[in-house]
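Asks: Take this structure first; my questions come after.
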Amino acid sequence: MRIPIIAGNWKMNATVSEAVQLVRDMLPGMEKIDGVEKVICPPFVSLWALKDLLKNSVVKLAAQNLYYQEKGAYTGEVSPGMVRELCDYVIIGHSERRAYFGETDELVNRKVHAALKVGLNPIVCVGETLEKREQGKAEEVVAGQIKNGLAGVELGPTMVIAYEPVWAIGTGRAATPDDANRMAKLIRESIAAISAPALARDIRIQYGGSVTASNIAEFIVRKEIDGALVGGASLKAAEFVSILEQTARLKKA
Ligand code: PEP
374 MRIPIIAGNW KMNATVSEAV QLVRDMLPGM EKIDGVEKVI CPPFVSLWAL KDLLKNSVVK
434 LAAQNLYYQE KGAYTGEVSP GMVRELCDYV IIGHSERRAY FGETDELVNR KVHAALKVGL
494 NPIVCVGETL EKREQGKAEE VVAGQIKNGL AGVELGPTMV IAYEPVWAIG TGRAATPDDA
554 NRMAKLIRES IAAISAPALA RDIRIQYGGS VTASNIAEFI VRKEIDGALV GGASLKAAEF
614 VSILEQTARL KKA
């Protein structure tokens, strides 16, 4: 039984005071929802304030990134141990990091190892570009990202994979639910090829890419999809709560 998980990736949005206000606006609605793991991924600078705000809550925090070294002369970076004091989860390999900051599968792999070493649950993002999809290479790209990004990783059921086709992120053009489900199945098969089949069955796979309160239901009812990584819509309190509510209701059914 996989517990559904919805994570809100705020990207580089909201100052600390705006972040606190946004969580205050969401919290009453979020607290009423059971049966879904609820995760907020604000910028690093807000994590401390939000950890305090959420201290009596089941809402969890995630960082949007980390560096794989434990400490040292890496100006501007944040270590796994630093993140672990504040978060349960960490997003690794988001397509924006791959595209704008040159993150490769090898770097993703190092980060996944480093996160697991300190007890952080990675949310590992994979997904093909429009170019690769049009070349008929979506499956090959995603299977390769899984194989290389998770090489040598001791997988556990708390780990999450987010299937996020790059062309669907922030574009208002979501994947079709059928295709998202098919890609999630492929991810599970790719995981089975590098781990025990039981782990592939237990790992949670999110869909991400222009998820809103209007389309979440179509994704969440699909067998292979265990939740969503939500960008833009997670910055609107009522919409994010609606996404959580629908997920709880439809996964229970
Ligand atoms: C994301 O940031 O991971 C994302 C899926 O963004 P959006 O929901 O805005 O497409």
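Count along the sequence shown starting at 1, add 373, and that's the number in our numbering. No residue lacks a Cβ here, since even glycine has one placed at the ideal position from N, Cα and C. Quantities reported herein were computed from a predicted structural model and do not represent experimental measurements.
1) With E501 and V515 assumed to form a contact (beta carbons below 8 Å), what rounded beta-carbon distance in angstroms separates them?
2) Looking at S615 and the ligand PEP, is the gap between the Cβ and the nearest heavy atom below 6 Å?
3) Who are the near neighbours of Y447 in its chain, counting only those whose CB is closer than 7 Å to its CB and skipping five residues on each side?
4) Which of helix, strand or coil does DSSP assign to G402?
5) Please go through the same chain and pick out, in chain order, the residues whose beta-carbon is closer than 7 Å to the beta-carbon of I406, but skip the five residues on each side of it.
6) Go ahead and label R574 buried or exposed: buried means 16 or more other beta carbons lie within 10 angstroms of its beta carbon, across all protein chains shown.
7) List the whole-angstrom C-beta distance separating L459 from L434, where the pair is believed to meet the contact cut-off of C-beta under 8 Å.
8) Give me the Cα-Cα distance between N429 and K510, rounded to the nearest whole angstrom.
9) Specify the secondary structure class of Y580 as computed by DSSP and reduced to three states.
10) With L559 as the anchor, note down where its alpha helix (DSSP H) starts and where it stops.
11) Would you call I378 buried or exposed, if buried means 16 or more other Cβ atoms sit within 10 Å of its Cβ?
12) Can S568 and L528 be called in contact, C-beta distance under 7 Å?
13) Between the beta-carbon of Q579 and the beta-carbon of G600, is there less than 7 Å?
14) One question on the structure: do L623 and V594 come within less than 7 Å of each other, judged by their Cβ atoms?
15) Evaluate I376 with the Cβ neighbour count: other Cβ atoms within 10 Å of its Cβ, from every protein chain shown; 16 or more gives buried, anything less gives exposed.
16) Is S452 near the ligand PEP - that is, is its Cβ less than 6 Å away from at least one heavy atom of it?
17) In its own chain, which residues sit with a C-beta less than 7 Å from the C-beta of R457, not counting the 5 before and 5 after it?
18) Three-state secondary structure (DSSP) at G600?
19) Just how far apart, CA to CA, sit T474 and E443?
20) Let's see if you can read the secondary structure: which residues bound the alpha helix (DSSP H) around N482?
21) Is N382 near the ligand PEP, judged by its Cβ being under 6 Å from some heavy atom?
22) Between the alpha carbons of V521 and G545, how many angstroms are there, rounded?
23) To the nearest angstrom, report how far apart G454 and E469 are at their CA atoms.
24) Mind checking whether E591 and P550 have CB atoms under 7 Å apart?
Replies: Result, derived from the coordinates:
1) 6 Å
2) no
3) Y440
4) Here G402 sits in helix by DSSP.
5) L617, E618 and A621
6) exposed
7) 6 Å
8) 46 Å
9) strand
10) In the DSSP assignment, L559 falls within the alpha helix (DSSP H) that extends over P550 to A565.
11) buried
12) Result yes, Cβ atoms of S568 and L528 sit closer than 7 Å.
13) yes
14) Cβ atoms of L623 and V594: closer than 7 Å.
15) exposed
16) no
17) V491, G492 and L493
18) strand
19) The displayed chain sequence assigns Phe, not Thr, to residue 474. Taking C-alpha positions only, F474 is separated from E443 by approximately 20 Å.
20) D478 to K490
21) yes
22) According to the sequence as given, residue 521 is Asn; it is not Val. Rounded to whole angstroms, N521 to G545 spans 29 Å at the Cα level.
23) 23 Å
24) yes
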